[in-house]
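Chains as they are written, first to last, in the working numbering: chain A, 6 to 309; chain B, 6 to 309.
Glycine included, every Cβ here is placed at the ideal spot set by N, Cα and C.
Structure representation (structure tokens):
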């Protein structure tokens, strides 16, 4: 088994580093730090920023929790033989989760999560992902974002970008709206070892994903934070944020895991937007930037 | 089997009547009517009001849909023997669903749903409920609301108010917040016949629930619509609305049924608030009206 304390410590350092970079980019607000304990075992450190110049609300959360393994963790097809043993197993999960809601509709929402999971039966894996949700899709930014992720992936495995980009398209998908949450990114889960990769090699990849987050988002902030916007753009931002809330509450597995394992609610739901709007039957205007953005919230767009 | 066309027609008339009463109470806005068809069978009539003097956003929706019965309809314990037959069964469901988000934080949010459901194997039932979500709990209003429901219940069955009030407490419960959505009301499902009640007797009860909605809510509007309020009350309203959105997206079975049976998204999600706020780790002030309201968002309060 990997050294989980070492992994958790690396994540804590990453959390600090990312917050420092985001504070520099924001220029006004600082992260407030709260440590919390989970009654059933473990806890975390929440770092939350609010009312910044750039970030209206955002969290960079670290957690390391453990306890009895809940039944829904078992993939029914792959692990049916283990289902009976559920009461005898314990789990340990540590990760960093980030969601940042910018003040300006011209700056994209971003999400990152990297996590390490193990069970007392020796099963363990890495998971993670970064995805971008622009209120307005800018093709140059989208290309920069995906190219940055592809560079990280290509350094470790020639298939990872293609495979994990598709996984993100499928995962960050709001089925009932038939639209993707944003322009995707990469998503992966249950990485351990394969013919091509040792666990250690995957761990190095996973760390690089965590490390690339700050430079990518700081660049996107600097590109867009001074763009002008008006009320109609803010209104559209509130609508896109409500879609974000729908995804997180209806589909997101991390949210579900948190709610079902009695995680710290405020940390789990820090991903929800500071303000969101649901208009009845909102329609974009023909040939508007909003319509163009909607047309790009689709799977399988090749951005690089 | 009951005459489902007659039930659907009764529901359509109820929908019209309720909208007329609400338009009178609002005094400014009118309901916009849209008919829609579901590709897999059936359809509905959405009536939506927005930007009224009293109602900021609300829907009174009728639907009658049919098609192949989805697997999740079967209660695993009770109907395990029918699970295999799922592909051979069709279903028919008709109902009226209402959610009204008032402009003033002093006027409560209200929800009502009554539904009739049948399957091609002869299984059929009635379900429904009314529940109230005051942004600020007023004990007199709460007592009036529950007493009105109790009177309807008592007319038909001496156990119904006690049983269905408890069911509402359990159903309209936001588990991850450990708080009820509001002050409850009544909730019931799978009513058919029992030792005490024929289906026809339950149908009469069910119709009375639908018919009592308009007088109850119009009274609550008139009691509260002219109360003064300030920004801090509106801010609290936005927070309560975000809890409402959490309940509907995470727990509500009607929403889930709609999303999983490819219902009309705008009609299903008309229940979501026009504007909602998620603050990180919001705390009410000691001895504030907000704190008092939170203390009353609990199960098993006897309001009558």
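Report yes if the C-beta distance between residue i and residue j is below 8 Å; otherwise report no.
i	j	result
residue 209(B)	residue 192(B)	no
residue 334(B)	residue 283(A)	Because chain B spans 6 through 309 in this model, residue 334(B) falls outside it and cannot be assessed.
residue 221(B)	residue 169(B)	no
residue 309(A)	residue 62(A)	no
residue 127(B)	residue 6(B)	yes
residue 190(B)	residue 131(B)	no
residue 38(A)	residue 50(A)	yes
residue 65(B)	residue 112(B)	no
residue 229(B)	residue 109(B)	yes
residue 262(A)	residue 177(A)	no
residue 135(B)	residue 116(B)	yes
residue 57(B)	residue 119(B)	no
residue 28(B)	residue 35(B)	yes
residue 185(A)	residue 304(A)	yes
residue 14(B)	residue 52(B)	no
residue 298(A)	residue 142(A)	yes
residue 182(B)	residue 248(B)	yes
In angstroms, rounded to a whole number, what distance separates the CA positions of residue i and residue j?
i	j	result
residue 89(A)	residue 73(A)	Residue placement at residue 89(A) is poorly supported in this model, since its pLDDT is 47, which falls under 50; the coordinates still yield a value, given next. Between residue 89(A) and residue 73(A), the C-alpha separation is close to 14 Å.
residue 288(A)	residue 302(A)	15 Å
residue 187(A)	residue 17(A)	28 Å
residue 95(B)	residue 71(B)	7 Å
residue 46(B)	residue 145(B)	45 Å
residue 171(A)	residue 42(B)	33 Å
residue 98(A)	residue 254(B)	26 Å
residue 175(A)	residue 242(B)	35 Å
residue 106(B)	residue 285(B)	23 Å
residue 244(B)	residue 165(A)	41 Å
residue 31(B)	residue 226(B)	9 Å
residue 133(B)	residue 137(A)	41 Å
residue 198(A)	residue 129(A)	10 Å
residue 44(A)	residue 76(A)	19 Å
residue 234(A)	residue 114(B)	33 Å
residue 22(A)	residue 179(B)	35 Å
residue 40(B)	residue 48(B)	8 Å
residue 306(A)	residue 157(A)	19 Å
Let me know the secondary structure DSSP gives residue i once reduced to three states.
i	result
residue 293(A)	coil
residue 247(A)	helix
residue 309(A)	coil
residue 179(B)	strand
residue 228(B)	helix
residue 215(B)	helix
residue 287(B)	coil
residue 280(B)	strand
residue 89(B)	Only weak support is given to the placement of residue 89(B): the predicted model assigns it a pLDDT of 46, under 50, and the value that follows is read from those uncertain coordinates. Three-state result, residue 89(B): helix.
residue 239(B)	helix
residue 266(B)	coil
residue 271(A)	helix
residue 184(B)	strand
residue 84(B)	Confidence in residue 84(B) is poor, its pLDDT being 45 and thus under 50, which makes the residue's placement too unreliable to answer from.
residue 203(A)	coil
residue 21(A)	helix
residue 10(A)	helix
residue 152(A)	helix
residue 256(A)	coil
residue 160(A)	helix
residue 169(B)	helix
Per DSSP, residue i forms a beta bridge with which residues?
i	result
residue 107(B)	60(B)
residue 117(A)	103(A), 135(A)
residue 35(A)	Its beta-bridge partners do not exist; DSSP assigns none.
residue 49(A)	41(A), 68(A)
residue 54(B)	63(B)
residue 193(A)	133(A)
residue 98(A)	70(A), 122(A)
What do you reckon, is the C-beta of residue i under 7 Å from a heavy atom of the ligand MG?
i	result
residue 134(A)	The model depicted lacks the ligand MG and carries no ligand whatsoever.
Item to complete: Determine which residues of the segment 41-53 of chain A have a Cβ less than 7 Å from any Cβ of chain B, and write them out in chain order.
Response: For chain B, the residues of the segment 41-53 of chain A that bring a beta carbon within less than 7 Å of one of its beta carbons are 53, in chain order.
Discussion item. Output needed in chain order: residues of the segment 179-191 of chain A with a Cβ under 8 Å from some Cβ in chain B.
Written reply: Answer in chain order: 180, 181, 182.
Worksheet item: Of the residues that make up the segment 278-307 of chain A, which ones have a beta carbon closer than 8 Å to any beta carbon in chain B?
Response: Listed in sequence order: 278, 279, 280, 281, 282, 283, 284, 285, 286.
Worksheet item: Of the residues that make up the segment 17-42 of chain A, which ones have a beta carbon closer than 9 Å to any beta carbon in chain B?
Response: Per Cβ criterion, the list reads 37, 39.
Discussion item. If the cut-off is 9 Å on Cβ atoms, which residues from the segment 109-121 of chain A count as contacting chain B, listed in chain order?
Written reply: Under the 9 Å Cβ criterion, the segment 109-121 of chain A contributes no residue.
Worksheet item: Along the segment 255-281 of chain B, what residues have a CB closer than 7 Å to any CB found in chain A?
Response: Cβ contacts with chain A: 255, 264, 270, 271, 274, 275, 277, 278, 279, 280, 281.
Worksheet item: According to a CB-to-CB cut-off of less than 8 Å, which residues of the segment 237-250 of chain A neighbour chain B?
Response: Cβ contacts with chain B come from 243, 247, 250.
Worksheet item: Of all the residues that make up the segment 57-70 of chain A, which are near chain E by a beta-carbon distance shorter than 8 Å?
Response: In summary, chain E is missing from the structure at hand, where the protein chains are A and B.
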